[in-house]
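Protein sequence lines correspond, in order, to chains A and B. Numbering that gives the first Met the number 0 puts the last residue of the first sequence at 514; the count rises by one with no breaks. Numbering that gives the first Met the number 0 puts the last residue of the second sequence at 123; the count rises by one with no breaks. Before any comments, here is the structure.
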Amino acid sequence: MIAIVAVISELIDGFGTALQPKYLLYCAVGVLLGTAVGVLPGIGPALTIALLLPVTYDVEATGAFIMFAGIYYGGMYGGSTTSILLNTPGEAASVVTALEGFQMAKRGRGGPALATAAIGSFVAGTIGTVIITFVGPAASRVVRLFQPADYFALMVLAFTSVGALVGRSALRGMISLTLGLFVGLIGFDEINGQARYVFGESHLQGGISVVLLAVGLFAVGETLYVASHRDTGGDEIIPVRGKLWLSGDDLRRSWKPWLRGTALGFPLGMLPTGGAEVPTFLSYGLEKRLSKHRDEFGKGAIEGVAGPEAANNAAFAGVLVPLLTLALPTSATAAIMLTAFQRYGIQPGPSLFTEQAPLLWALIASMYVGNVMLVVLNLPLVRLWVKLLEIPKPLLYSAILVFACLGVFSAARSTYDLYLMIGVGTLGYLMRMFDIPVAPMIVGLMLGPVMESQLSRALSISQGDPSVFVTRPASVVILALAVLAVAAPHLPRLFRLMRGEDAGSRLVLGDADAD
Amino acid sequence: MGPRVFPVIISCSLIVIGVLFVIETLRRADEAVEDHVVEELRTADHKQAALVVALLLVYASVFERIGYIVATTAFLPAVAYVLGSRRLLRDLVVAVVLAVVAFSVFTELLNIDLPEGVMEGVAP
């Protein structure tokens, strides 16, 4: 009880900060920028924040993070607009929205589709923020009891579940992740101060930054992909028809999917599954199964927009829990936000809730504010956002490249980084060709050094005895979960094999429902 | 723990995953993924992508010498051309505006210096 009162009083202090005109402005700028960039096909929130990092060099920490949260929410929302009206999802998390949303738009119901996406995002985002408000402090108290061995076990769990749940093939996810870990080795190692894999090149000593990797993989890789596919014809933009609001019937069909989407999105976002992609697929499958209008699916069922959009936003709130309490990024965007924190000399983790309480609560309060702004600003402005879709593709992508180079160059002031970025971009292009997801690589880059230092600390506490990972109850439980994460998709096949039946295909999340 | 331990662990993981990947592909390829990849490789025009990479390399190599504004003004329309744009004048105007605005915002507002190059003293 006392704890709840304390949380509420801290939250009120947070609102005291977030509602200052200056921070309201940062939040509004973030939401508007995020939406504008999110609407543009090919740019997701991760890339937006990476490119905007140099812009916030001069902004103090609280303002910058309020803006980043706004960018993220705005980016998510903008992505759904593109999915619905253009059928080209800006990022993996809005792929599912396009399935029903585009069909709705084609049938003149674009207005309600955009409305259910916006209001669903608001509902899910707000519920998610309420959960963070109360779960965050409690989780940080639990995490404070963690030993290095437990942290290490947790990272192993993060890796295995990224590999198991991202994309169609677990191995493809693991390849990307391990490549990220390898890139994370480049430069001086934090424990011994030895330079690794630098080949005498002074520019590599500081390592490869997550911004460079993200910009290279997303911006350059995507542009190369578009360049190689330029003759596949133009995209058709569907004009917004129908009122930008929900009728009574639409609302009755939407509110349950919103809540179910939230219930799926938040916990799955919290788990190290790589963010919002998996819950959106699950939500779509669930709504399809539960709907009374199952025959409408594939032809524009509003439930198929409402659920995944809610799941998508709730997942972001979920992603913040391990990021803030454990410094464990579970999505590409979270990895970049972690870099942003570190740039300001703030180390997320359990101490964040005590040492950086004012900043943290201002950030949480601004998430409530950002959610309100999203609905208030974006729904009326949607026709303006749609104008952005009319920018010709060649111009858009060449401008993206210009901004990518600008962002990478200004972060390190060296042309060497530009060459690296071009190399990474070529790799991203090849990965896209061969259907290897790029997001796990970014997560791997961030996690690698942390994993190494926790491993090293755990082993030095146990004086080199590796059994430390299997003697602490917490580590054992976490490692058991990690094994389960690897084994779970294969269980149905194993059972069938044991019964002597033909081994069918592997269980893949959301796969069966999304086709 | 020495500086070698972790790289060895990761390198071994990469080898193991690589071997598993080869085995999986040989034994029971995921047909949906395979079709997707084959389709990508068939439709993709790698020459176009290589052209963009070449332009990027040129841009990066002259960036500091000739300066941000001039380099960007040449780079953006060139990439747009490769991507299929045939309206050179429009692209040039966009490029100049974008380059000048970005240069001014970065050097004046954000205090991040960008190379002036041949425009030294002339640039805003």
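Glycine included, C-beta positions come from ideal geometry on N, C-alpha and C.
Using a C-beta to C-beta distance shorter than 9 Å, which residues of chain B count as neighbours of Ile174/A? Leu13, Ile16, Gly17 and Phe20
Where the alpha helix (DSSP H) through Ser452/A begins and ends: Ala438 to Ile460
Quick check on Gly186/A: does DSSP put it in helix, strand or coil? strand
Asn312/A vs Gly264/A beta-carbon contact at 8 Å: yes
Whose C-alpha, out of Thr106/B, Leu40/B and Arg85/B, is nearest the C-alpha of Tyr67/B? Thr106/B
Does the distance from the C-beta atom of Gly116/B to that of Val69/B stay below 8 Å? yes
Give the single residue among Val381/A, Pro278/A and Ser474/A whose Cα lies nearest to the Cα of Ala91/A. Pro278/A
So does the stretch 291–301 of chain A actually touch the stretch 47–67 of chain A, counting three or more Cβ pairs closer than 8 Å? no
Give a yes or no on whether the minimum CB-CB distance between Val54/A and chain B is below 8 Å. yes
Quick one: grab the DSSP three-state call for Ala194/A. strand
Assumed close pair Ile207/A, Val182/A - CB separation to whole angstroms, cut-off 8 Å: 5 Å
Expressed to the nearest angstrom, what Euclidean distance is found between the alpha-carbon atoms of Leu109/B and Ala410/A? 12 Å
By how many angstroms is the C-alpha of Leu153/A removed from the C-alpha of Arg251/A? 41 Å
Ser103/B versus Leu97/B - alpha carbon distance: 10 Å
With a 10 Å radius around its C-beta and 16 neighbouring C-beta atoms as the bar for buried, classify Leu508/A as buried or exposed. For Leu508/A, the predicted structure reports a pLDDT of 45, less than 50, and the residue's modelled location is therefore unreliable. The matter cannot be settled from this model.
Should Tyr150/A go down as buried or exposed, given a rule of 16 or more other Cβ atoms within 10 Å for buried? buried
Contact residues within the stretch 209–223 of chain A, judged by C-beta distance below 9 Å to chain B: Val219, Thr222 and Leu223
In angstroms, rounded to a whole number, what distance separates the CA positions of Val93/B and Arg41/B? 34 Å
How is the alpha helix (DSSP H) around Asn110/B delimited, first residue to last? First-last for Asn110/B: undefined, no H or E at that position.
Run through DSSP, which three-state label would Ile11/A get? helix
Arg195/A: contacting residues in chain B (beta-carbon distance under 8 Å): Pro2 and Pro6
Counting contacts by CB-CB distance shorter than 8 Å, is Asp90/B in contact with chain D? No chain D is present in this structure, whose protein chains are A and B.
Under 8 Å between C-beta atoms of Gly29/A and Ile83/A: no
Can you tell which of Ala481/A, Val371/A and Lys392/A has its C-alpha closest to the C-alpha of Leu39/A? Lys392/A
Under 8 Å, Cβ to Cβ, is there at least one residue of chain B near Leu454/A? yes
Enclosing alpha helix (DSSP H) for Ala481/A [first to last residue]: Pro472 to Ala486
Using the C-alpha atoms, what's the distance from Pro266/A back to Arg288/A? 21 Å
Alpha carbon of Arg505/A to alpha carbon of Ser330/A, nearest angstrom: Any reading at Arg505/A must be qualified, since the residue scores a pLDDT of 48, below 50, and its modelled position is unreliable; the value itself is stated next. Roughly 24 Å between the two C-alpha positions.
Nearest neighbour of Val482/A, chosen from Phe158/A, Thr47/A and Thr87/A [CA to CA]: Phe158/A
Under 7 Å by beta carbon: chain B residues contacting Ser515/A: Because chain A is modelled from 0 through 514, residue 515/A falls outside the range shown and cannot be assessed.
For chain B, is any of its Cβ atoms less than 8 Å away from the one on Ser409/A? yes
If I measure Cβ to Cβ from Ala457/A and keep anything under 6 Å in the same chain, skipping five residues before and after, which residues do I get? Pro147, Ala148, Phe151 and Val467
When you compare only the Cα positions, how much space is there between Pro526/A and Val209/A? The structure shown does not extend to residue 526/A, since chain A is modelled only from 0 through 514, so no value can be given for it.
So which residues of chain A does Ile9/B contact, with C-beta pairs closer than 8 Å? Thr177, Leu180, Phe181, Leu184 and Gly447
Using the beta-carbon of each residue, which ones in chain A are nearer than 8 Å to Thr106/B? By Cβ distance, chain A contributes nothing, its closest Cβ being about 10 Å from Thr106/B, past 8 Å.
Let me check understanding here. Comparing Cα to Cα, which of Gly77/A, Gly247/A, Leu323/A and Ile345/A lies closest to Gly43/A? Gly77/A
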